[in-house]
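Shown next, in structure tokens, is the structure this report addresses.
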Amino acid sequence: MSLSISLIVNGAAQTVALDDPRVTLLDLLRERLDLTGTKKGCDRGQCGACTVLVDGRRINSCLALAASLDGAEVLTIEGIARGDALHPVQAAFIAHDGFQCGFCTPGQIMSAIGMIVEGQAGDDPERVREGMSGNLCRCGAYAGIVAAVLEAQRTLAETERRNAA
Amino acid sequence: MNRFDYVRPASIADAIAAAAVPGSAYLAAGTNLIDLMKGGVSRPERLVDVTRLPGLDRIERLPDGSVRIGALVRNADLAHDADFARSFPAVAEALLSGASGQLRNAATVGGNLLQRTRCGYFYDVAAACNKRQPGAGCDARGGENRLHAILGWSDACIATHPSDFCVPLAALDAVVEIEGRNGRREIAVEALHRLPGDTPDQETVLEPGDLIVALRLSGKSARFADHARYLKVRERTSYAFAVVSAAAALRIENGVMQDARLALGGVAAKPWRARAAEAVLAGRIPDAAAFRDAGVAALADAKPSGDNAFKIVLAQRVIARALALAAAGTPERMPALPASPFASVAGALYNA
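If you read the sequences in order, they're chains A and B.
Heads up: the first sequence begins at 1 in my numbering, then just goes up one per residue.
Heads up: the second sequence begins at 166 in my numbering, then just goes up one per residue.
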């Protein structure tokens, strides 16, 4: 069985022919579109390294069948900077040492972007920790991650206020 | 993962016809099914993708005051629906205590009702499991079983149902709407899952092709909204399944519990409605003695299935705490750590 799916990935339309419906969104991104920024950690929905935004919402791409997402808009770590200008969440992770080895970082950053959009955590570090609990960091950079997310959230809110004014 | 055919029907009738063929399975978000397929635990020959079926993604208020939730509504969307969370706060709290932000954004209402046990021997295809392979035996019986069932288990199976969502649903008399080959019918959530008996492979009362299309909570159940909590003890603070959990809902008038609803999670192969405990509570003053008596009544028939006698005492304590929290009143804002027994402020007393 052959099926063809269309996705918008980081703003660009992509049509991919799948010879097998077993392909997950994660494998499609990494193996078919060469977008290897999204990481394969556990591949079972337990670690969050594969987090991407689908239609603006963070999900685990390892547990999503690509065929089922036909027509969706996907945002990965490769699509968030504006040229050389880092996304505020990326900049905050560097400023606050939100990583050590870096393997979980693309998933952490995409999860943080999704969580900020969800708007449930506010400036409460406990709510940020709870909201980010689907992303494991084996280096234990959690303190820096929480500080980075809180700062990025403030930066994004300020930018929004300035743009609205 | 085994090879399978993928079909995406456009109507409910087409979906039912496709899924009634032996070897077929419904696919919604896939957060449980794809994981099981990667491990070779589930090996469907055909996936029937229901995510594009029209009309199943709405939360509706019906004229009789009940709320109807489409089977494709995502867990996060239901939990954060302000109107729903106000009417059924224990359900919202249970949803937010389950899984992670990413999984809640994907997982659906229908899928949550039908999620499979997290018993490690069910997941390990090298282990004997009567649920996965009828007649094979049960390696959990002599294995690592401190988290297994204490109520309703059998010699054939001691697995538990992992859902948080289902626990307050069972307590609040929620009903599932099912479309099948013989039309539409309704089943109480409490009657949806089966106890294992000699056939632990038969987990629900659903027939081949049956599709859960919606879930309904009555306006009557919303009368518990002022005193409704979910409490979940886990082995880590967040992103873990329940060791034991409880949904408690009270109607308190003139200082007396007029009516009580109580259900347990993590203790049996189904969400466990504790009707004997509800009867103990009705008409009493909400105090520690009443809550303790409720715990004793709820666990009267419990027995350990392995190294898990501690769960009986733990369940009694979780019940007493959940009832105390419910009696204190539903918090205005969702706690920072939903359903957690831990305070979110260091050094603070949880109940202070």
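Ideal Cβ placement from N, Cα and C applies to all residues, glycine included.
According to DSSP, which residues form a beta bridge with residue i?
| i | result |
| --- | --- |
| GLY235 of chain B | B:ALA379 |
| LEU65 of chain A | A:THR24 |
| TRP437 of chain B | B:LEU429 |
| ILE352 of chain B | B:VAL341 |
| ASN60 of chain A | A:THR51 |
| GLU73 of chain A | A:ILE8 |
| ASP214 of chain B | B:LEU192 |
| ALA121 of chain A | Bridge partners of ALA121 of chain A: none, in fact. |
| GLU497 of chain B | According to DSSP, GLU497 of chain B bridges with nothing at all. |
| SER403 of chain B | For SER403 of chain B, which the question treats as bridged, DSSP gives no partner whatsoever. |
| ASP170 of chain B | B:ARG211 |
| HIS358 of chain B | B:THR369 |
| ARG416 of chain B | B:ASP424 |
CB-CB under 8 Å to residue i, same chain, minus the five flanking residues each way: which ones, in chain order?
| i | result |
| --- | --- |
| ALA441 of chain B | ALA462, ALA463, ALA465 |
| ILE352 of chain B | VAL340, VAL341, ILE343, VAL370 |
| ALA190 of chain B | ALA184, LEU198, SER207, PRO209, ARG211, LEU212, VAL213 |
| MET180 of chain A | The structure shown has nothing for residue 180 of chain A, since chain A only spans 1 to 165. |
| ASP55 of chain A | ALA72, GLU73 |
| ALA444 of chain B | ALA462 |
| ALA480 of chain B | ILE315, VAL409, ALA411, LEU429, VAL432, GLY460, ALA463, LEU464, ALA467 |
Within 10 angstroms of the Cβ of residue i, are there 16 or more other Cβ atoms? Answer buried if so, exposed if not.
| i | result |
| --- | --- |
| GLY276 of chain B | buried |
| ARG438 of chain B | buried |
| ALA247 of chain B | exposed |
| ALA517 of chain B | For ALA517 of chain B, the pLDDT reaches just 41, beneath the cut-off of 50, and the residue's location in the model is therefore unreliable, although a value from the coordinates is still provided. ALA517 of chain B is exposed by the Cβ-count criterion. |
| ASP200 of chain B | buried |
| PHE475 of chain B | exposed |
| ASP19 of chain A | exposed |
| PRO333 of chain B | buried |
| GLU418 of chain B | exposed |
| CYS101 of chain A | exposed |
| ARG426 of chain B | buried |
| ASN347 of chain B | exposed |
| LYS397 of chain B | buried |
| ASN163 of chain A | exposed |
| ALA165 of chain A | exposed |
| ARG154 of chain A | exposed |
Near residue i, which residues of its chain fall below 6 Å by C-beta distance, leaving aside the five closest residues on each side in sequence?
| i | result |
| --- | --- |
| MET422 of chain B | LEU415, LEU446, ARG449, PRO451 |
| ARG350 of chain B | ILE343 |
| ALA49 of chain A | LYS39, GLY41, CYS104, GLY107 |
| SER252 of chain B | ALA387, ALA390 |
Does the Cβ-Cβ distance between residue i and residue j come in under 8 Å?
| i | j | result |
| --- | --- | --- |
| VAL128 of chain A | VAL146 of chain A | yes |
| ASP363 of chain B | GLY494 of chain B | no |
| ALA255 of chain B | ALA393 of chain B | yes |
| ALA81 of chain A | HIS87 of chain A | yes |
| ALA236 of chain B | THR273 of chain B | yes |
| ALA411 of chain B | PRO361 of chain B | no |
| ALA85 of chain A | LEU28 of chain A | no |
| GLY431 of chain B | THR282 of chain B | no |
| PRO436 of chain B | VAL354 of chain B | yes |
| VAL52 of chain A | LEU75 of chain A | yes |
| LEU268 of chain B | GLY107 of chain A | no |
| ARG226 of chain B | ARG173 of chain B | no |
| ILE113 of chain A | PHE93 of chain A | no |
| SER111 of chain A | GLY266 of chain B | yes |
| PHE456 of chain B | ALA405 of chain B | no |
By Cβ distance below 7 Å, which residues in the same chain neighbour residue i in space, the five residues on each side in sequence not counted?
| i | result |
| --- | --- |
| ASP70 of chain A | ILE5, SER6 |
| ASN10 of chain A | LEU75, THR76, GLU78, GLY79 |
| GLU400 of chain B | VAL408 |
Return the Cβ separation of residue i and residue j in integer angstroms, given the expectation that the two are a contact with Cβ distance under 8 Å.
| i | j | result |
| --- | --- | --- |
| ALA180 of chain B | VAL215 of chain B | 6 Å |
| ASN310 of chain B | GLY204 of chain B | Not a contact, Cβ separation roughly 20 Å. |
| SER262 of chain B | ALA504 of chain B | 4 Å |
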